[in-house]
Amino acid sequence: MPRHPLVYFPPLARGVISTLSSHAHTRSSNRRTYSAKKQTIRNGRNLVDEIWTDQPPVPRRPVRVHPLKFAGVGVPEKIAAVRKLVVKERASSLVVMAMDEVAWLFNIRGSDILYNPVAFAASLLTQEDAFLFIDTVKLGEGVEQHLMEAGVTIKPYDALLAELRTLKPKPSPAAAGTAPAPLLPIDSQ
């Protein structure tokens with residue numbers, strides 16, 4: 001019996017890890033593979049992660065508050081402005097996956113990636129709530145209070161998909177535009 005599960009694709013098929021591919025990229029790839037009489041198969045599993053046994057640990061460096069004097073605008077004002085744009089696009093919620101955009105939105109900075117002031121984090125904005133999904137071990141001095149005062153709910157990084165599944169109406173990838181955000185498998189288990 002093999003150590004890892006086998007995945008079989010039909011001839012000329014191409015596998016896509018939906019959590020690592022943007023909606024726009026997947027749509028573009030589907031057009032190219034369809035015209036070449038190939039098949040694209042979406043897979044929510046990251047097969048590389050399943051066989052790469054000695055991956056380096058995910059960084060857990062502290063996040064700090066980016067002072068208002070440098071940010072220029074407070075978190076509540078940024079959230080309100082983004083919500084207006086979400087309503088203008090006739091969407092009910094917005095998932096922010098780009099780490100630099102999450103850092104901007106919540107006026108936080110990290111050091112999870114060398115020479116970049118970002119942390120592994122994601123965000124979900126609805127018309128009522130603002131969520132930050134992050135490893136809570138990273139929350140440095142005053143960060144939790146800074147976020148709570150801005151009305152932000154902090155949840156574990158891995159809780160994003162579960163939170164998306166609770167949304168009504170279900171999120172639509174059509175609202176994702178061309179941003180390089182992953183196509184999350186909301187309906188899969």
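Okay, so the sequence shown: first residue is 1 according to the UniProt record's numbering, each after it adds one.
Backbone N, C-alpha and C fix where the C-beta goes; we use that ideal spot for every residue, glycine too.
When the five nearest sequence neighbours on each side are left out, the beta carbons in the same chain lying within less than 7 Å of the beta carbon of Glu-144 are those of Ile-154, in order along the chain. Segment contact: the segment 54 to 65 against the segment 78 to 86, fewer than three CB-CB distances shorter than 8 Å; contact not assigned. In the three-state scheme derived from DSSP, where H, G and I count as helix and E and B as strand, Ala-103 is classed as helix. Residue range 130 to 134 is occupied by the beta strand (DSSP E) that includes Ile-134, with no alpha helix (DSSP H) assigned at that position. Residue Ala-121 holds the alpha-carbon nearest to the alpha-carbon of Val-137 among Ala-121, Ile-113, Thr-126, Leu-125. In the structure shown, Val-86 falls within a helical segment according to DSSP collapsed to helix, strand and coil.
Ser-28 is classed as exposed because its beta carbon has fewer than 16 other beta carbons within 10 Å across all chains shown. Lys-155 carries a strand assignment under DSSP once its states are collapsed to helix, strand and coil. Proximity of the segment 43 to 52 to the segment 91 to 99 falls short of the contact definition, fewer than three beta-carbon pairs being nearer than 8 Å.
Annotated three-state conformation of Arg-64 is strand, per DSSP. Assigned with DSSP and collapsed to three states, Val-96 falls in strand. Secondary structure of Leu-164 (DSSP, three-state): helix. In this structure, Asp-135 sits near Tyr-157, with a CB-CB distance shorter than 7 Å. As DSSP reads the structure, Thr-126 sits in a beta bridge with Ser-93. Phe-106 places its beta carbon less than 7 Å from that of Val-75.
Per DSSP, Asp-49 is one residue of the alpha helix (DSSP H) stretching across 47 to 51.
Exposed is the label assigned to Leu-85, since fewer than 16 other Cβ atoms lie within 10 Å of its Cβ.
Residue environment: Val-152 is assigned as buried (16 or more neighbouring CB atoms within 10 Å of its CB, all protein chains considered). Burial check for Phe-131: the Cβ neighbour count within 10 Å reaches 16 or more, so the residue is buried.
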